[in-house]
Each structure stands twice: as structure tokens, then as C-alpha cells.
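In the working numbering, the protein residues as written are 62 to 488.
Even glycine gets a Cβ: it sits at the ideal position worked out from N, Cα and C.
Since we're looking at a predicted model, the values are computed, not measured.
Okay, structure first, notes after.
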């Protein structure tokens with residue numbers, strides 16, 4: 062039987078070769094593979110030209126071939142060999158041009174001479190190729206044949222969603238994107254970890270909360286989804302997370318919501334702190350993924366993000382170096398475990414009320430030692446501190462934060478207190 066981390070890594074490997082973009086067969090193929098793991102996944106489509114707030118869903122883009130023939134007849138920048146070679150949404154081209162003319166359409170990174178960069182031109186017709194800087198420096202004067210076999214047509218943009226009901230309508234929201242070509246950490250780690258988190262959520266017995274997981278093209282997909290579902294999302298979502306860049310072995314990163322103090326922020330920081338995980342916290346001013354949309358004024362959803370290496374903060378980002386060697390089984394599993402603990406903590410996060418006036422006598426209930434001295438055990442302190450803040454208004458996570466105790470440890474004292482009718486669930 063394969064380990065969970067191996068299953069996640071193998072799913073990344075299966076998805077890696079697919080050429081994804083905002084629209085097209087790559088997105089549909091990716092969603093189809095995810096659906097084979099999550100049969101309940103609903104795949105929807107939004108027609109090209111659909112108005113979504115201030116945006117319009119673009120035409121569908123299909124690419125079959127793209128390459129350059131150099132003056133010696135050698136094929137270079139071949140899309141078939143690496144799908145990062147073509148600028149995303151490039152229009153069709155069939156022409157010959159000089160090296161000087163071609164250079165204006167080439168993209169490389171001098172600081173990373175062996176990396177193919179990732180470029181797109183989604184909303185303005187253009188074209189271009191991406192190559193390593195080493196290859197670019199060796200290009201010789203002469204005529205270059207340029208060929209891009211692509212087309213635009215009115216089709217649709219696809220996305221996937223899975224709604225997992227719980228005992229209440231309160232929802233936890235998990236969002237990830239499926240629109241980048243072959244990049245492992247920036248693109249695939251999010252959908253893969255989300256897929257296996259969905260399996261974990263489905264396995265929770267007596268699931269209290271409901272869950273909304275979506276797999277969308279970045280930016281326009283999130284905006285389109287919000288335009289269709291905003292009312293119910295604003296009503297039900299109590300915490301949300303944007304999953305991206307969760308597959309490498311580097312330090313964890315935390316990007317808070319715009320509000321910076323939502324239940325999502327509190328639970329994320331709580332889990333990272335009490336699992337004793339080293340992490341770097343960033344300002345919301347450094348946002349760059351779909352938290353931009355979810356936290357926008359008027360949308361105001363409580364969405365933050367726990368990552369490994371934050372997008373834009375690692376050298377391999379948006380290049381061919383973000384490959385299957387950059388991520389690892391251990392990196393994926395580490396992120397999965399953190400998010401799993403966040404989910405479990407939110408499931409524990411009830412509001413309790415005290416049923417006694419003044420501090421109850423714990424000793425006669427076997428909850429306090431009959432021999433007393435100045436030393437009080439940590440467990441007794443946790444009971445006393447919990448009861449002190451158990452006011453019928455403050456939720457469990459915020460109490461755990463106040464008394465500096467991990468919620469999963471504090472949860473163990475709840476049952477005996479309920480059994481002795483010292484506390485009850487509020488509402």
C-alpha cells in the first residue's frame with residue numbers, strides 16, 4: 062500500500078506534463094484526473110464572453126505546435142519538448158525574421174541562465190517564446206522561421222467544485238488554481254494537497270462544519286466563481302484558505318487576510334505556533350494569488366494562506382526549475398499535515414458557556430487533587446483558565462490563544478467538564 066505522501070507526489074507527476082492555461086483541454090484533463098480521485102467533484106463551465114463583475118471570460122485558446130527554426134535548420138524553443146517555451150495565449154504566427162527582430166519576442170532570465178521563464182499574454186493579443194539565457198546567448202545572426210499553430214474561439218472556461226456538507230451550514234473554504242503549465246510547486250502542489258484534504262474531510266465522522274473546495278483558473282476563475290456564488294459564500298464561510306506553493310522542503314510561510322485577525326488567521330497562526338513550525342509571516346501587501354479577490358472590499362471573505370516557499374520568494378518560481386525535483390513527498394506531506402490540523406482545530410472550535418456562578422469545586426468531582434500545595438499542575442491550570450474564559454461568547458480557539466494552550470490539548474478537558482455539567486455548548 063502506497064503512503065499518502067507517495068500518492069500525492071505521484072498525482073503531481075501525472076499532472077505535470079499537461080499544458081494548462083486559463084481555458085482549454087489542459088484544464089479539462091486536469092479536472093478529469095482530480096475527479097477520478099474525488100468522484101463528487103462537479104465540473105462547470107462559463108461561456109467565453111461572460112461578464113463577471115468588471116471582467117470578461119476570455120476566448121478559449123488551443124495550441125498544437127510552436128517552435129523556431131534557426132539559420133542552421135535546427136528546431137529550438139519547441140513547445141512539444143517544454144510547454145513553457147511558448148508565451149501563454151500566443152496568437153498564430155508563420156513568418157521569417159532576423160535575429161534582431163526575433164529578440165524582441167524572446168524572454169529569458171540572465172540571472173538564471175539555465176531556466177526557461179513563464180510568460181503569458183491573456184488579455185491582449187501577442188506572441189512570444191521563452192528560452193534559457195544560455196541558449197539565447199548562442200543564437201547566431203541569420204533568418205529564423207517562426208511557427209505557432211494556435212487558435213482562439215468562443216468556448217468556455219472550466220472549474221471544479223466539491224461541497225461537503227456537515228451538521229451546520231457554516232463553511233470552511235479551500236481554493237486552489239489549475240491554470241499554469243508544467244510547474245510543480247507553484248501549480249500542482251495546491252490542487253494535489255487540496256484533493257487529499259478533501260478525502261480527509263470526507264472521512265471525518267460527525268463532521269460539524271461544511272466545506273467548499275474549488276479548483277479554478279487563477280484570477281478570472283476566482284472572479285467568475287464569486288460572481289455566481291457570492292451571496293451564499295458571504296453568508297456561510299467562516300474561514301478560508303488559498304492553497305498554493307505547498308510542495309517544497311523550505312520554510313513555511315503565512316500570508317494573513319486583509320483583516321489580519323479573522324478566524325482563518327487565528328487558526329493558522331495557532332497551528333503553526335503549537336506544532337512548533339518555523340515560518341515566515343508576510344504582510345497582506347505582498348499578496349499575489351486569489352486572496353486578492355476573496356479579501357477585496359465588498360467581497361470581504363476571511364481568506365489567508367499557509368504556504369511553503371511563498372510565491373515570488375524562491376528562485377525557481379515561474380520557471381522550468383520549478384519541476385518535480387523541486388518538490389518532494391515530505392514537502393507535500395508537511396503542508397497536508399498542517400492544513401489537516403487547521404481543519405481539525407476548526408472542527409473543535411465550539412463556544413462553551415459556564416454553568417456555575419463562581420469557581421466550581423473541582424475536587425468533589427475528582428478534577429482537582431485532594432492534597433493541595435502551591436504547585437498546581439499544568440492540566441489543572443488549563444481547566445481553571447478555560448473555565449475563567451468560558452463565557453458563552455468567546456470561541457474555543459480564542460480561549461486557547463488567551464491561555465496559551467494548543468486547542469487539541471485543551472479539547473481533552475472538555476468531556477469531563479460537560480459530563481459533570483460544569484459547561485455546555487452555547488447555542
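Tell me residue i's beta-bridge partners as DSSP assigns them.
i, result
"residue 273", "224 and 234"
"residue 113", "116"
"residue 77", "Its beta-bridge partners do not exist; DSSP assigns none."
"residue 397", "DSSP lists no partner for residue 397."
"residue 149", "181"
"residue 301", "234 and 364"
"residue 186", "In DSSP, residue 186 forms no bridge with anything."
"residue 218", "107"
"residue 154", "209"
"residue 456", "412"
"residue 137", "129"
"residue 168", "191"
Could you check whether residue j and residue i sit closer than 8 Å to each other, using their CB atoms as the reference points?
i, j, result
"residue 221", "residue 135", "no"
"residue 458", "residue 406", "yes"
"residue 109", "residue 219", "no"
"residue 250", "residue 388", "yes"
"residue 165", "residue 211", "no"
"residue 286", "residue 233", "no"
"residue 455", "residue 239", "no"
"residue 237", "residue 252", "yes"
"residue 378", "residue 195", "no"
"residue 167", "residue 203", "no"
"residue 489", "residue 302", "Given that the chain is displayed from residue 62 to residue 488, the structure contains no residue 489 and the question cannot be resolved."
"residue 201", "residue 157", "no"
"residue 242", "residue 316", "no"
"residue 393", "residue 307", "yes"
"residue 126", "residue 141", "yes"
"residue 310", "residue 391", "yes"
"residue 443", "residue 419", "no"
"residue 193", "residue 174", "yes"
"residue 365", "residue 352", "yes"
"residue 275", "residue 404", "no"
"residue 231", "residue 297", "yes"
Distance, Cα to Cα, residue i vs residue j?
i, j, result
"residue 179", "residue 244", "9 Å"
"residue 432", "residue 305", "Note that residue 432 has pLDDT 46, beneath the 50 cutoff, so the model's placement of it is unreliable and the number below is only indicative. Going from the Cα of residue 432 to the Cα of residue 305 covers about 53 Å."
"residue 71", "residue 65", "10 Å"
"residue 94", "residue 87", "11 Å"
"residue 436", "residue 423", "Residue placement at residue 436 is flagged as unreliable, the pLDDT there being 48, under the threshold of 50; the coordinate-derived value follows with that caveat. Roughly 16 Å between the two C-alpha positions."
"residue 473", "residue 360", "37 Å"
"residue 208", "residue 159", "14 Å"
"residue 183", "residue 198", "28 Å"
"residue 187", "residue 128", "16 Å"
"residue 445", "residue 400", "30 Å"
"residue 320", "residue 343", "13 Å"
"residue 370", "residue 397", "15 Å"
"residue 475", "residue 69", "35 Å"
"residue 486", "residue 384", "48 Å"
"residue 339", "residue 440", "26 Å"
"residue 421", "residue 291", "46 Å"
"residue 260", "residue 411", "23 Å"
"residue 293", "residue 279", "21 Å"
"residue 106", "residue 81", "16 Å"
"residue 347", "residue 328", "21 Å"
"residue 345", "residue 330", "15 Å"
"residue 76", "residue 63", "18 Å"
Am I right that residue i and residue j are in contact with their C-beta atoms under 8 Å? What's the rounded C-beta distance?
i, j, result
"residue 113", "residue 148", "With 8 Å as the limit, residue 113 and residue 148 do not qualify as a contact, their Cβ atoms being about 24 Å apart."
"residue 414", "residue 299", "That pair is no contact at about 19 Å."
"residue 363", "residue 325", "5 Å"
"residue 402", "residue 471", "Contact doesn't hold; Cβ gap of about 14 Å is too wide."
"residue 354", "residue 213", "About 25 Å separates the two Cβ atoms, so there is no contact after all."
"residue 408", "residue 265", "7 Å"
Residue i lies in the beta strand (DSSP E); which residues open and close that run?
i, result
"residue 121", "121 to 130"
"residue 486", "484 to 486"
"residue 108", "103 to 108"
"residue 211", "204 to 214"
"residue 412", "412 to 415"
"residue 93", "Looking at the DSSP string, residue 93 is not in any beta strand (DSSP E); the run it does join, the alpha helix (DSSP H), is 86 to 98."
"residue 316", "313 to 316"
"residue 475", "No beta strand (DSSP E) contains residue 475, which is instead part of the alpha helix (DSSP H) from 475 to 480."
Going by DSSP, what residue range makes up the alpha helix (DSSP H) through residue i?
i, result
"residue 294", "281 to 297"
"residue 335", "324 to 335"
"residue 441", "439 to 450"
"residue 194", "194 to 198"
"residue 340", "Element bounds for residue 340: not the alpha helix (DSSP H) but the beta strand (DSSP E), 340 to 342."
"residue 491", "The requested residue 491 is not part of the displayed model; the chain covers only 62 to 488."
"residue 161", "160 to 164"
"residue 33", "No answer is possible for residue 33: the residues shown for the chain start at 62 and end at 488."
"residue 470", "468 to 471"
Any chance the CB of residue i is under 7 Å from a heavy atom of the ligand GDP?
i, result
"residue 396", "This structure lacks the ligand GDP; in fact it carries no ligand of any kind."
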